[in-house]
Amino acid sequence: VMFVMLVGRIWLGSLFIYSGFMKLGSYRESRGFLAGYGLFPRWFANTGGLLIPWIELLIGGLLLVNRTQVIGSILAATAAFGFAVIGAVTLHRHLQVSCGCAGVASSDRIDVLTIIRALVMFTAAILIPFTNSTNIQSLGILVIALVAAAPAVLLTLRRNRYRRWLTTFRALQNANIEELTALLETQAPGSS
Amino acid sequence: LRVAGGGVLATLGALYPGLGSALSQKNSIAGASTSATAVMPSGPDVTYAGGEVTAIAAGGVVLTTPTTSRAVRLNPETVVWKEVLGSSGLIELGDWVDVRGEPQVDGSLLATSGMVFVNIGRRDGVLVSSSANHITVSGDGDGDGADITYGLSASFEVVNASDGTPLAGGLASLEPGVSIGMVGLRLPGGGFRPTRIWA
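Protein chains in written order, with my numbering: chain A, 94 to 285; chain B, 1237 to 1435.
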């Protein structure tokens, strides 16, 4: 049981860290996901969208650190319950809304799996304080956090590379258009 | 091993939403070359060019697609279709133009008169109802089968699909429930105005 709870705690902690970093990796696009549900006032959705990645990172960290795992589990259970309720309401209203669970990387629409995952998160979170979960060593916490952050780092690097590529491509395209425009000022040379 | 690997990935995807796409996300036009020089097109049909008008010059227009650009030469007498037939002056920046013509040695395309189509589009569907200046069709390719009403062009015509000859009764000769095709002008914002309808 202790081993299962340890795995559950690592999963839950890493999931929150992963999700927080993924949203921060595409902060501009991700912060609007809460507004997409259409459940909250605009100001609340916008503020929540800005804060949620940081809150997720905090919860993930609290869950992994041995001394703060209880407060982390309470916050995680609250968040997971919120996700489940939002997911259920969204499904009930037949809204086709992207989950936004991992920023722009998760374009999956909210479905039953989203709610099941939230309920499993909730269950794992409320069980953590009632077990003597094995302490995680400091190095272990660091490794888990780094592994959880890796996809977001990868995604950010790839997006930056794509932006650079796109800038170069557009510059070349504009140069080519200018070149072709100048070509049109000359007489047609004849058929090929 | 492949099945096991797929199972592991699916499990990870369920535990960590978006992980699969985060690790395998590809740039949508990553395959496009950043080399954009004037070259002789070597595609399957060098007599065709299509793209957005990104430049207009005295001798023609430059058409640009996400991956390439091509100069299209237009003579002053070249007839252009943009809902009605007219001169190349009808073409504006941002229009989508489809052209057929004669490839030139410098890589440009000399447009054939009457084969320059600006913002042309096609819709298919089943006729629901029609009036003097509107037509309503269903199953319009949007997938939802919803009825869509189009305002008709002032110069629209109804033709026989088999030989292209005009139908004597015009729209009145079409019974609701018949499958029709329409070609016409694509309007800004996704609209469409049919100029020719066939059944």
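The beta carbon of each residue, even a glycine, is placed where N, CA and C say it ideally should be.
Here the structure is a predicted model, which means the values were calculated and not measured.
The beta carbons of B/Val1373 and B/Ile1327 sit no closer together than 9 Å. For A/Ala177 and A/Glu149, the gap between their C-alpha atoms comes out near 16 Å. For A/Pro244, same chain residues with a beta-carbon under 7 Å away, outside a window of 5 residues either side, are Tyr111, Met115 in chain order. Burial state of B/Met1418 is buried, judged by a 10 Å Cβ sphere holding 16 or more other Cβ atoms. In this structure, the alpha-carbon of A/Met214 lies about 6 Å from that of A/Ala173. The C-beta distance from B/Ala1390 to A/Leu247 rounds to 56 Å, too long to meet the 8 Å contact threshold. Here the alpha carbons of A/Asp204 and B/Asn1311 stand approximately 57 Å from one another. Nearest Cα to B/Trp1317 within the set B/Leu1346, B/Gly1357, B/Ala1291: B/Gly1357. Residue-level contact check: A/Pro134 does not touch chain B, since none of the beta carbons of chain B fall below 9 Å from its beta carbon. Of all C-beta pairs linking the segment 1401-1416 of chain B to the segment 1358-1368 of chain B, three or more are shorter than 8 Å, placing the two stretches in contact.
For B/Ser1349, no alpha helix (DSSP H) encloses it; the enclosing beta strand (DSSP E) starts and ends at 1345-1354.
For B/Thr1372, the uninterrupted beta strand (DSSP E) segment begins and ends at 1370-1374. In summary, the residues of the segment 1278-1296 of chain B whose CB is separated from some CB of chain A by less than 7 Å are Thr1290, Ala1291, Ala1293, Ala1294, Gly1295, Gly1296, in the order they occur in the chain. Flagged as an interface residue toward chain A: B/Thr1300, by a C-beta distance shorter than 9 Å. In the three-state reduction of the DSSP assignment, B/Pro1412 falls in the coil class. Segment contact: the segment 116-129 of chain A against the segment 141-156 of chain A, three or more CB-CB distances shorter than 8 Å; contact assigned. In the DSSP assignment, B/Ser1366 is bridged to B/Ile1371. Among the CB atoms of chain A, one or more fall inside 9 Å of the CB of B/Ser1305. A residue is called buried once 16 or more other Cβ atoms fall within 10 Å of its Cβ, and B/Val1414, having fewer, is exposed.
Checking the DSSP bridge columns, you'll see B/Thr1300 partnered with B/Glu1288, B/Ser1305. By a beta-carbon distance limit of 8 Å, B/Leu1248 does not contact B/Val1308. Their separation comes to about 50 Å. Non-local C-beta neighbours of A/Gly142 in its own chain, meaning closer than 8 Å and more than five positions away in sequence, comprise Ser123, Arg124, Gly125, Phe126, Leu127, Ala128, ordered along the chain. Taking C-beta atoms under 8 Å as the contact rule, B/Asp1334 and B/Gly1286 qualify, at a distance of about 4 Å. With fewer than three CB-CB distances shorter than 8 Å, the segment 155-165 of chain A does not count as touching the segment 175-194 of chain A. A/Phe133 sits in coil when the DSSP states are folded into three classes, being neither helix nor strand. B/Val1316 is bridged by DSSP to B/Gly1322, B/Val1352. For the pair A/Leu232 and A/Thr216, the Cα-to-Cα distance works out to about 27 Å. Nearest to A/Gln230 by C-alpha distance, out of A/Leu144, A/Leu132, A/Ile103, is A/Ile103.
Counting the other Cβ atoms within 10 Å of the Cβ of B/Leu1321 gives fewer than 16, which makes it exposed.
Judged by DSSP secondary structure, B/Pro1339 falls within the beta strand (DSSP E) whose first and last residues are 1332-1339. For B/Ile1433, DSSP records a beta bridge to B/Val1394, B/Met1418.
In the DSSP assignment, A/Ile103 falls within the alpha helix (DSSP H) that extends over 95-118. Judged by beta-carbon spacing, A/Leu156 lies within the 9 Å limit of A/Ile221, meaning their Cβ atoms are closer than that value. Within a 10 Å sphere around the beta-carbon of A/Leu239 sit fewer than 16 other beta-carbons, which makes this residue exposed.
Taking 9 Å as the threshold, the shortest C-beta distance from A/Gly196 to chain B falls below it.
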